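Below you'll find the structure, written out as structure tokens, and then a few comments.
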Amino acid sequence: EALRRAAPLLARAASGHGSVPAMAALATLVRVFRGGGNEEVLAQLFAACLLDVAGFLRGSADGAAQPADLSAALLELFAASLGPRCTRLASLLFRASGSPLVSCFDAIAALIPSSPSPRVVCRGLLVFD
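Per our numbering, the sequence shown starts with residue 17, numbered consecutively.
Shown next, in the form of structure tokens:
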């Protein structure tokens, strides 16, 4: 029950305020719970949260203008969500209507070469791995 309440709150803080700690906490929840694992309801919850955060990334006109820690937290969240331990979650994200991940990938691809932060570059490459 706590997870069902915490994940949406963290997603709102991450997408509404660009909260780095909220994004990091959400990434930790995704890793710990393996993106919902075999539970479809949890995977759908995480997918809804990540699509909310993806809206924040898409809404950011210039990813290079974001602080490096915010960019790194966003990339860490997406790398964890699309990783091999989160196949059900990744599948839900890729099947989302309107293909929101495509525009996120465009923003991430533009962010990597312009960032002076090694954390941003490394985590950005993990997203595409």
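Yeah, the Cβ is synthetic: ideal placement off N, Cα and C, and Gly gets one too. In this text, all values refer to a predicted model and were calculated from it rather than measured experimentally.
Item	Value
Give me the Cα-Cα distance between Ile124 and Val118, rounded to the nearest whole angstrom.	10 Å
Check Ser35 in the structure and name its three-state DSSP category.	coil
In terms of residues, what are the limits of the alpha helix (DSSP H) holding Cys138?	134-144
By the three-class DSSP mapping on this structure, what secondary structure does Leu98 have?	coil
Is Asp78 helix, strand or coil when you go by DSSP?	Since pLDDT at Asp78 reaches only 49, below the 50 mark, its modelled position is unreliable, and the value read off the structure follows with that caveat. It is coil, neither helix nor strand.
Tell me whether Ala126 sits in a helix, a strand or coil according to DSSP, three-state version.	helix
Excluding the 5 residues preceding and the 5 following Phe10 in the sequence, name in chain order all residues of the same chain whose CB lies nearer than 6 Å to its CB.	Given that the chain is displayed from residue 17 to residue 145, the structure contains no residue 10 and the question cannot be resolved.
Within 10 Å of its beta-carbon, does Phe62 have 16 or more other beta-carbons around it, so buried, or fewer, so exposed?	buried
Return helix, strand or coil for Glu17, following the three-state DSSP convention.	coil
Using the Cβ count rule (16 or more neighbours within 10 Å means buried), how would you classify Glu56?	exposed
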